[in-house]
Amino acid sequence: MKVSPTLAGLATGLLFAGQTLASPMLWQDNSLTYLYGKNFAVDAGEIQQTITFEHASGWTWGDMFLFVDNKWYNGISGSDGHTYYGEFSPRLSLGKITGKDLSFGPVTDVLLSATYERGEGRNRNYLLGPAVDLKVPGFDRMSINTYYRKPDGITGQPGGQWQITPTWAITIPVGKSDILFDGFIDWVVNDAGSKSRGDYIAKNLHINPQVKYDLGKALDYTPGKLYVGIEYDYWSNKYGIEDSSAFNTDNNVTNFIVKAHF
Numbered sequence: 001m002k003v004s005p006t007l008a009g010l011a012t013g014l015l016f017a018g019q020t021l022a023s024p025m026l027w028q029d030n031s032l033t034y035l036y037g038k039n040f041a042v043d044a045g046e047i048q049q050t051i052t053f054e055h056a057s058g059w060t061w062g063d064m065f066l067f068v069d070n071k072w073y074n075g076i077s078g079s080d081g082h083t084y085y086g087e088f089s090p091r092l093s094l095g096k097i098t099g100k101d102l103s104f105g106p107v108t109d110v111l112l113s114a115t116y117e118r119g120e121g122r123n124r125n126y127l128l129g130p131a132v133d134l135k136v137p138g139f140d141r142m143s144i145n146t147y148y149r150k151p152d153g154i155t156g157q158p159g160g161q162w163q164i165t166p167t168w169a170i171t172i173p174v175g176k177s178d179i180l181f182d183g184f185i186d187w188v189v190n191d192a193g194s195k196s197r198g199d200y201i202a203k204n205l206h207i208n209p210q211v212k213y214d215l216g217k218a219l220d221y222t223p224g225k226l227y228v229g230i231e232y233d234y235w236s237n238k239y240g241i242e243d244s245s246a247f248n249t250d251n252n253v254t255n256f257i258v259k260a261h262f
């Protein structure tokens, strides 16, 4: 299985972080998700199967999230039939670092958020900006991260784009179990580059909610460990490629998912 050495190293390090840095880590959650979907835009394969590793953890200095997608395109063999993509997202909590209560209104904390995006080839970007955690009635959690996007110099892509990323989770009791509604939105609000220079990146909107049923709890096993459900993946101007009548770049896909936490 082909995985970026950088992302694989981060994932391995995080798995052992609880042992090597027991004191700074407050909690952690790891999971594997299987996804199956059809009619993807832009990508080599319209039918895709994905296995995603996710790690989330809380620390004395803030929190951290990491995921690695391994994707297979049905009907395409060899290296063309597989790709990877991952993100590493640490956040520094100004409240935890200063020891002060920075809450006001619905805001519970103010943070500095960073993300490193990495895919095959020259797909590399750095993101940095302010973030807030919010307390909203009915939500388990909600955060809003704001980023300035800077492509790695090797990409040949222009900087200058801003991104707003809300994330959320809501638990809804249903009978003897629960439905978990969570997800994220990546909204890149402005264009960058120039069509005449050939480095144009279009503004884009990526909406990715999941609706999952806690199957483990329904079967009288440990709650929050095994989910089944669907993921809706909408992405206008996918990868920053402007949609046109000649080339559809608006992704509109529903994935079937199975997710196990450990």
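Under UniProt numbering, the very last position in the sequence shown is 262; numbers go up by exactly one each time. Note that beta-carbon positions come from the ideal geometry of N, C-alpha and C, so glycine has one too. Predicted, not measured: the structure shown is a model, and the values here were computed from it.
Alpha-carbon to alpha-carbon, residue j and residue i
i	j	result
residue 183	residue 97	27 Å
residue 99	residue 112	15 Å
residue 155	residue 118	11 Å
residue 269	residue 254	Nothing can be reported for residue 269: it is not among the residues displayed for the chain, which extend from 1 to 262.
residue 153	residue 143	30 Å
residue 157	residue 34	32 Å
residue 262	residue 218	18 Å
residue 24	residue 63	11 Å
residue 260	residue 210	14 Å
residue 265	residue 190	Beyond the ends of the chain as shown, which are 1 and 262, falls residue 265; an answer cannot be given.
residue 195	residue 246	16 Å
residue 116	residue 177	36 Å
residue 129	residue 252	29 Å
residue 163	residue 175	39 Å
residue 47	residue 127	30 Å
residue 161	residue 223	40 Å
residue 256	residue 40	14 Å
residue 43	residue 173	37 Å
Close-in-space but distant-in-sequence residues of the same chain around residue i (CB under 6 Å, 5 per side omitted)
i	result
residue 21	Residue placement at residue 21 is flagged as unreliable, the pLDDT there being 47, under the threshold of 50; the coordinate-derived value follows with that caveat. There are no such residues.
residue 204	188, 236, 237, 240
residue 185	166, 207
residue 215	226, 228
residue 122	154, 155
Whether residue i touches residue j by CB criterion (9 Å)
i	j	result
residue 74	residue 49	yes
residue 61	residue 93	yes
residue 86	residue 65	no
residue 45	residue 81	yes
residue 125	residue 91	no
residue 243	residue 233	no
residue 57	residue 26	yes
Spatial neighbours of residue i in its chain, beta-carbon cut-off 7 Å, leaving aside the 5 residues before and after
i	result
residue 69	50, 52, 84, 85, 86
residue 221	none
residue 180	169, 171, 212, 214, 227
residue 199	156, 157, 158, 193
residue 120	83, 84
residue 201	157, 158, 161, 191, 192, 193, 240
Cutoff 8 Å; reference residue i; Cβ partners in own chain excluding five residues on either side
i	result
residue 134	106, 107, 108, 142, 143, 144
residue 131	91, 110, 111, 112, 113, 143, 144, 145, 146
Neighbour flag for residue i against chain B, beta carbons, 9 Å
i	result
residue 92	Here chain B cannot be found, since the structure has a single protein chain.
Contact test: residue i Cβ vs the ligand MN heavy atom, cutoff 8 Å
i	result
residue 41	Ligands displayed in this structure: none; no statement on the ligand MN is therefore possible.
In chain order, which alpha helix (DSSP H) runs of at least 4 residues are fully inside the segment 14-79?
17-20
Say whether the segment 99-108 touches the segment 62-82, bearing in mind that this needs 3 or more beta-carbon pairs closer than 8 Å, one atom from each stretch.
no
Counting Cβ pairs closer than 8 Å, one from the segment 138-148 and one from the segment 163-182, do we hit at least three?
yes
May I have a chain-ordered list of the alpha helix (DSSP H) segments no shorter than 4 residues that lie completely inside the segment 119-199?
none
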